[in-house]
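Using the working numbering, the first residue of the sequence shown is number 262, and each one after it goes up by one.
Glycine included, every Cβ here is placed at the ideal spot set by N, Cα and C.
This one's a predicted model, so the numbers in the text were calculated from it and none came from an experiment.
Here's the structure, in C-alpha cells; my notes come after.
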Amino acid sequence: MTFLIPSRILRPMRFSLSRLALVCLAGFALSGCVGEDSALVSPASFKTGIEKDPKLLVATTRLPVGDPPKKPWFSSERSADLIFAEARLTPPSDSLLSRVTASDWSIAKVENVDRSNAAQAFAQAAFGRDLLLYIHGYKESFETAATSTVDLSEGIKFAGVTGLFTWPSAASTFSYVADRESAMWSRDSLEDLLTAIAKTPSGGRIHIVAHSMGTLLTLETLRMVRASGGESAMERIGAVVLAAPDIDIDLFARGLERLGSDAKKITVISSTNDRALAVSSRLAGGIVRAGAADRERLEALGVRVADASEFGGGIINHDLFLSNREVQQVIKRAIERS
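Here it is in C-alpha cells:
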C-alpha cells in the first residue's frame, strides 16, 4: 500500500557548500540533520504528551558523564550494560507567539539512573501508556539524539510517553564504520528492552521510529525478538516506521522474510533523491540502500511505503521525517492505524 503525500513547497535547507570539502559533505550528508520548520505551542489546556510532562525515558548503551550525569550527560564510549535514565527537559516559552524548534528545548538534568535493572526500570516508567521509541542514526551525540526525539514527538503530537534508545555513536564525520559497529553491538540491549516492555502487564503499544543507520539496528533486533519469542513476542509492537533506512536492499529483504507477517507493521519513508543514501551506497560498493529504492521494489517486499521524493527541496534530503510536516503526518497515521 502506498501513501501519496500532497505536493507542497518546501523551504530549502541552508548549507554553505563553499565551506565544505567533498569528504565532509559526504559525512554531513550521512548525519541526522534537524530541519527548520516551526510550530506554535499549544495553550496549557491543550497540552498532551511531552508538552504536559517534559521528560524523555532514556535507554542507552553509552557511558554516563559523571555520577550523577552532567552535561553532555552521556558519552560516545560503550557501556557494558544497558542504562536507564530520565532526562528532564526545559520547554520553550509557553506562548502562542513562541516559535518552537528543536533547539528551543534543552536538557535540564538527567536523573533516576539505573545501571542494574535498566530494561525493567524503563518498562515500569512507561507502564500503562503507549510508547513512542526513537532510535537515531549515524553521527549523533546524546544531546542531538534527544533533540530529534523531542522534535519528532512534538511534530506528531504524540499523546503517550516518549522514549529514546541511544547507542554510542562517535558523533564524528569520519565515524561511519565505527558507528555501524557500535549500532550492531547494541542489538542485545535493544532486544532486552523491547522484551521487557512487551512482557509488562497492562502496558500500552510500542511504536518505533528509527532513522538511517538506526533502522538497521531496529530491523536486526526485531528479527531477534521474533526468532526468540515468535509472534506472541511481537504483539505489543505497534507501528514500526523506518525513515530513510540505510540498509542494503538485499539484507532488508532477507530481514523482512524472517519477520514473516510482522513485516506488515513496517512503514518505509523513502526518497530516491536522498543524497546521504547515495553516498552510503557508494561506500557499500554500489548496492542500493532500502531508503533510496524505487517504491515498486519496496512494495513488492510487503511493507507500506511513503515516497517522499517530491519533498527533495534541500541538498541532503535525509531527515524529512523531522523537517517536513506532511512526512510527519505519515508517522502519525501509521501509529493511529496500528
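Option in the options with minimal Cα separation from residue i
i, options, result
"residue 334", "369, 456 and 435", "369"
"residue 331", "596, 475, 349 and 531", "349"
"residue 389", "420, 531, 404 and 406", "420"
"residue 351", "315, 381 and 336", "315"
"residue 483", "465, 462, 461 and 522", "522"
"residue 325", "342, 317, 313 and 310", "342"
"residue 418", "402, 323, 393 and 436", "393"
"residue 391", "340, 336 and 463", "463"
"residue 593", "470, 531, 558 and 492", "470"
"residue 519", "528, 533, 376 and 481", "481"
"residue 379", "458, 403 and 329", "458"
"residue 340", "524, 438, 449 and 572", "449"
"residue 395", "570, 467, 529 and 558", "467"
"residue 338", "430, 547 and 460", "430"
"residue 321", "311, 371, 310 and 591", "371"
"residue 416", "596, 595 and 584", "584"
"residue 313", "485, 474, 345 and 353", "353"
"residue 487", "473, 510, 588 and 526", "526"
"residue 478", "595, 397, 561 and 597", "397"
"residue 401", "377, 373, 441 and 381", "441"
"residue 543", "528, 437, 581 and 524", "437"
"residue 532", "558, 433, 567 and 435", "567"
"residue 461", "384, 501 and 563", "384"
"residue 588", "572, 432, 599 and 598", "572"
Per-residue DSSP class, three states only, for residue i
i, result
"residue 533", "coil"
"residue 415", "helix"
"residue 289", "With a pLDDT of 44 at residue 289, under the threshold of 50, the predicted position of this residue should be treated as unreliable, and no value is reported."
"residue 345", "strand"
"residue 337", "strand"
"residue 589", "helix"
"residue 434", "coil"
"residue 562", "coil"
"residue 448", "helix"
"residue 599", "coil"
"residue 461", "coil"
"residue 594", "helix"
"residue 543", "helix"
"residue 441", "helix"
"residue 390", "coil"
"residue 497", "coil"
"residue 402", "coil"
"residue 523", "helix"
"residue 453", "helix"
"residue 420", "coil"
"residue 362", "Its pLDDT being 48, under 50, residue 362 is placed unreliably in this model, and the coordinates cannot settle the point."
Bounding residues of the beta strand (DSSP E) (the contiguous stretch that carries residue i)
i, result
"residue 322", "316-325"
"residue 375", "367-375"
Enclosing alpha helix (DSSP H) for residue i [first to last residue]
i, result
"residue 488", "474-494"
"residue 246", "Past the boundaries of the shown model lies residue 246; the chain is included only from 262 to 599, so the question cannot be answered."
"residue 518", "510-520"
"residue 584", "581-584"
DSSP beta-bridge partners of residue i
i, result
"residue 395", "425 and 470"
"residue 502", "470 and 528"
"residue 550", "509"
"residue 351", "367"
> Should the region 528-539 be regarded as contacting the region 488-496, the criterion being three or more beta carbon pairs within less than 8 Å?
Replying inline: By the Cβ criterion, the region 528-539 is not in contact with the region 488-496, since fewer than three pairs of Cβ atoms, one from each stretch, lie closer than 8 Å.
> Quick check: the region 446-454 against the region 503-512, are there 3 or more CB pairs under 8 Å?
Replying inline: Segment contact: the region 446-454 against the region 503-512, fewer than three CB-CB distances shorter than 8 Å; contact not assigned.
>> Counting beta carbon pairs with one atom in the region 550-562 and one in the region 513-533, are three or more of them shorter than 8 Å?
In response: Taking 8 Å as the limit for Cβ pairs, the verdict is that the region 550-562 does touch the region 513-533.
>> Quick check: the region 420-440 against the region 399-410, are at least 3 beta-carbon pairs closer than 8 Å?
In response: These segments touch.
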